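What follows is a short report on a single structure.
Residue numbers (the working numbering): 662 to 900.
Laid out in structure tokens, this is it:
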């Protein structure tokens, strides 16, 4: 396995005025995108909406998406229907879906956006039947793991919420899938062949194709969100 990691923190956020035609000034940070990885990621981002702010309703005409609520509370409008959302909720957005989100709490609404190429748009990945696709709000803290193909038909494969006891380890291997993790709570480390990355809230680590990383928690444990995406067999000129 190669020694490649993409490490991002929430330092130096950008400001986004009227996100997707919404309200107030959001803050935003790109954590990973396709030019750093081999799979058909559009981008993995972290967004912050102030109290009363909104990201406007918009159409997904070429991408599908996971959204994971890190903290705060809001209302996600999906194809005209309002869904209350709070920390720990995972939202699925199918190709052709219209959605937007509003902060109804007193603190920032913080969520991760995992946007990828839509079904049938990736050479090297077989097209799948989209008739079973559905937008949904899933309590990820309860189920801990979601198979993306139960809801979507593109390259996303699963989302997991992993909680490690003190000094426990979890290894992520990017063979047929790439991974991006986001640290939610606690401290720890992510170690590849020759690199060790300290983990704390807001640190994101991307694990590109043909790489691997071992995550180890610290003395108080560690919780992180991780999303996995299928990589075409010929990615990066691999044989």
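No residue lacks a Cβ here, since even glycine has one placed at the ideal position from N, Cα and C. Quantities reported herein were computed from a predicted structural model and do not represent experimental measurements.
- Following the DSSP letters along the chain, one finds residue 804 in no beta strand (DSSP E) but inside the alpha helix (DSSP H) bounded by residues 801-804.
- Looking from the CA of residue 827, the closest CA among 848, 787, 693 belongs to 848.
- A straight-line Cα-Cα distance of about 7 Å links residue 780 and residue 789.
- Straight-line measurement puts the Cα of residue 871 at about 20 Å from the Cα of residue 850.
- Between the C-alpha atoms of residue 733 and residue 770 there is a straight-line separation of about 4 Å.
- For the pair residue 814 and residue 705, the Cα-to-Cα distance works out to about 18 Å.
- Per DSSP, reduced to three states, the secondary structure at residue 810 is helical.
- Per DSSP, residue 699 is not a residue of any beta strand (DSSP E), being assigned neither H nor E.
- Shown here for residue 740: same chain residues with a beta carbon closer than 8 Å to its own, the five before and five after excluded, namely 758, 759, 760, 796 in chain order.
- Our two residues, residue 715 and residue 673, have alpha carbons roughly 21 Å apart in a direct line.
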